[in-house]
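Student: Which chain is which? The protein sequence lines are B and R, in order. Numbering of the first sequence is given in this note's numbering, commencing with residue 1 and proceeding in unit increments. Numbering of the second sequence is given in this note's numbering, commencing with residue 1001 and proceeding in unit increments. The C-beta atom is built at its ideal place from N, Cα and C for all residues, glycine as well.
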Amino acid sequence: AQSVTQLDSHVSVSEGTPVLLRCNYSSSYSPSLFWYVQHPNKGLQLLLKYTSAATLVKGINGFEAEFKKSETSFHLTKPSAHMSDAAEYFCVVSAGGTSYGKLTFGQGTILTVHP
Amino acid sequence: DTEVTQTPKHLVMGMTNKKSLKCEQHMGHRAMYWYKQKAKKPPELMFVYSYEKLSINESVPSRFSPECPNSSLLNLHLHALQPEDSALYLCASSHRTSGGMNEQFFGPGTRLTVL
Chain B
1 AQSVTQLDSH VSVSEGTPVL LRCNYSSSYS PSLFWYVQHP NKGLQLLLKY
51 TSAATLVKGI NGFEAEFKKS ETSFHLTKPS AHMSDAAEYF CVVSAGGTSY
101 GKLTFGQGTI LTVHP
Chain R
1001 DTEVTQTPKH LVMGMTNKKS LKCEQHMGHR AMYWYKQKAK KPPELMFVYS
1051 YEKLSINESV PSRFSPECPN SSLLNLHLHA LQPEDSALYL CASSHRTSGG
1101 MNEQFFGPGT RLTVL
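Okay, here's the thing in structure tokens:
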């Protein structure tokens, strides 16, 4: 069984300040972990992916995430927020075993960026 | 071509209508997915096709009928829907369901309203 917990349902930052979106996971297998972003009334866009090659993963639009196995965390960061970053972010873990193809989503974190 | 397309963008239907949602990708992916997303919730997996064969059905009611005519196309046939089926329906694809290269690429979705 696997699960994802996004620790904050809402995060609010000022433009130009750092962003931290927190995610903890549990998985019976070596996980693939993802962060997706969804702007209002849009589909999901892949920001970045962890697959065990490197613990620090760089994604699009200046986002990064660090995989910490000891803490079962995969937090998303960005040094300087931009107004266009305002959206909902999902931390996702991919199943192994007999459930190939199934993604387990966190409940989402809504990021608000103030001018 | 690195995108997943979905048609129509919006669909309004009555409870006695029959309609279909269409999804297309030309990335050579061999796995395709249907998700349902209600407002302020993460996507919920409905169906997974792997190499044009249905591999996962998440106990979806029979009023939803998926079809995969070829490796690039995925349809979702709708019949006798209920108002609670109103949602954003997302299609996704991936190279395969397991191992590396299993990240899913999402289309923009079809916004379905059932009257």
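Taking 8 Å as the threshold (beta carbon to beta carbon), is Leu1074(R) in contact with chain B?
Tutor: One-based indexing of the second sequence puts residue 1074(R) at position 74. No, no contact with chain B.
Student: For the stretch 1085 to 1106 of chain R, list every residue whose C-beta sits within 7 Å of some C-beta in chain B, in sequence order.
Tutor: If the cut-off is 7 Å between Cβ atoms, the stretch 1085 to 1106 of chain R has Leu1090, Thr1097, Ser1098, Gly1100, Asn1102, Glu1103, Gln1104, Phe1105, Phe1106 near chain B.
Student: Tell me the rounded alpha-carbon separation between His1077(R) and Arg1063(R).
Tutor: Translated into the one-based positions of the second sequence, residue 1077(R) becomes position 77. Translated into the one-based positions of the second sequence, residue 1063(R) becomes position 63. Rounded to whole angstroms, His1077(R) to Arg1063(R) spans 8 Å at the Cα level.
Student: Report yes or no: do the stretch 23 to 32 of chain B and the stretch 78 to 93 of chain B share at least 3 C-beta pairs separated by less than 8 Å?
Tutor: Cβ pair count under 8 Å is three or more, so yes.
Student: At a CB distance below 7 Å, what residues from the stretch 1041 to 1055 of chain R approach chain B? Give them in sequence order.
Tutor: Cβ contacts with chain B: Pro1042, Pro1043, Leu1045, Val1048, Ser1050, Ser1055.
Student: Quick check: is the beta carbon of Leu103(B) nearer than 8 Å to any beta carbon in chain R?
Tutor: In the first sequence, counting from the first residue as 1, residue 103(B) sits at position 103. At least one chain R Cβ lies under 8 Å of Leu103(B).
Student: Ignoring anything shorter than 3 residues, give me the beta strand (DSSP E) runs that lie fully in the stretch 21 to 101 of chain B, in order along the chain.
Tutor: If we require 3 residues or more, the beta strand (DSSP E) runs fully inside the stretch 21 to 101 of chain B come out as 23 to 26, 32 to 38, 44 to 50, 56 to 58, 64 to 68, 73 to 78, 87 to 94.
Student: Mind checking Met1032(R): buried by the 16 CB within 10 Å criterion, or exposed?
Tutor: Against the second sequence, residue 1032(R) aligns to sequence position 32. Under this definition Met1032(R) is a buried residue.
Student: Taking 8 Å as the cut-off, decide whether the C-beta atoms of Gln2(B) and Thr72(B) are in contact.
Tutor: Reading the first sequence from its first residue, position 2 is the one you call residue 2(B). Reading the first sequence from its first residue, position 72 is the one you call residue 72(B). Taking 8 Å as the Cβ cut-off, Gln2(B) and Thr72(B) do not qualify as a contacting pair.
Student: Taking a contact to mean a Cβ-Cβ separation below 8 Å, would you say Ala1080(R) touches Met1015(R) in this structure?
Tutor: The sequence position of residue 1080(R) within the second sequence is 80, counting from 1. The sequence position of residue 1015(R) within the second sequence is 15, counting from 1. Result yes, Cβ atoms of Ala1080(R) and Met1015(R) sit closer than 8 Å.
Student: For Glu1103(R), which residues in the same chain have their Cβ closer than 7 Å to its Cβ, ignoring the five residues on either side in sequence?
Tutor: On the second sequence, position 103 is the one that residue 1103(R) refers to. For Glu1103(R), where only same-chain residues beyond five positions count, the Cβ hits under 7 Å are Ser1094.
Student: Helix or strand or just coil, what does DSSP make of Pro18(B)?
Tutor: One-based indexing of the first sequence puts residue 18(B) at position 18. Of the three classes helix, strand and coil, the one that applies to Pro18(B) here is coil, per DSSP.
Student: Comparing the C-beta of Gly16(B) with each C-beta of chain R, is any distance below 8 Å?
Tutor: By 1-based counting over the first sequence, the position of residue 16(B) is 16. Answer no: the Cβ-Cβ gap between Gly16(B) and chain R never drops below 8 Å.
Student: Which whole-angstrom value is the C-beta distance of Leu1115(R) and Val1012(R), which I expect to be below 8 Å?
Tutor: Here residue 1115(R) corresponds to residue number 115 of the second sequence, with the count starting at 1. Here residue 1012(R) corresponds to residue number 12 of the second sequence, with the count starting at 1. Indeed they touch by this definition, with Cβ atoms about 7 Å apart.
Student: Can you name the residues of chain R whose CB is closer than 7 Å to the CB of Phe34(B)?
Tutor: For the purposes of this step, residue 34(B) is taken as the residue at position 34 of the first sequence. Chain R residues near Phe34(B): Glu1103.
Student: Can you pull the DSSP bridge partners for Gln1006(R)?
Tutor: Numbered from its first residue, the second sequence carries residue 1006(R) at position 6. BP columns for Gln1006(R) point to Cys1023(R).
Student: Can Leu76(B) and Phe63(B) be called in contact, C-beta distance under 8 Å?
Tutor: Your numbering for residue 76(B) matches position 76 in the first sequence. Your numbering for residue 63(B) matches position 63 in the first sequence. Yes; because the gap between Cβ atoms is below 8 Å, this pair is in contact.
Student: Does DSSP put Glu1084(R) in a helix, in a strand, or in coil?
Tutor: Taking the second sequence and counting its residues from 1, one reaches residue 1084(R) at position 84. Helix at Glu1084(R).
Student: Taking the C-alpha atoms as reference points, what is the distance between His114(B) and Leu1054(R)?
Tutor: Indexing the first sequence from 1 puts residue 114(B) at position 114. Indexing the second sequence from 1 puts residue 1054(R) at position 54. Rounded to the nearest angstrom, the two C-alpha atoms are 45 Å apart.
Student: Could you tell me the alpha carbon to alpha carbon distance between Gly59(B) and Ser1086(R), rounded to whole angstroms?
Tutor: Position 59 of the first sequence holds residue 59(B). Position 86 of the second sequence holds residue 1086(R). Distance between the alpha carbons of Gly59(B) and Ser1086(R): 33 Å.
Student: If you draw a straight line from the C-alpha of Phe1106(R) to the C-alpha of Glu1003(R), how long is it?
Tutor: Along the second sequence, one-based indexing puts residue 1106(R) at 106. Along the second sequence, one-based indexing puts residue 1003(R) at 3. Approximately 8 Å, taken between the alpha carbons.
Student: Beta-carbon of Ser94(B) versus every beta-carbon of chain C: anything under 8 Å?
Tutor: Looking for chain C here will not work: the only protein chains present are B and R.
Student: If I'm right that Cys23(B) touches Gly106(B) with Cβ under 8 Å, what's the distance once you round it to whole angstroms?
Tutor: In the first sequence, residue 23(B) corresponds to position 23, counting from 1. In the first sequence, residue 106(B) corresponds to position 106, counting from 1. Confirmed, Cβ separation roughly 6 Å.
Student: Hey, out of Thr112(B), Thr5(B), Pro40(B), whose CA is closest to Ala122(B)'s CA?
Tutor: Outside the shown range of chain B, which is 1 to 115, sits residue 122(B), and nothing can be said about it.
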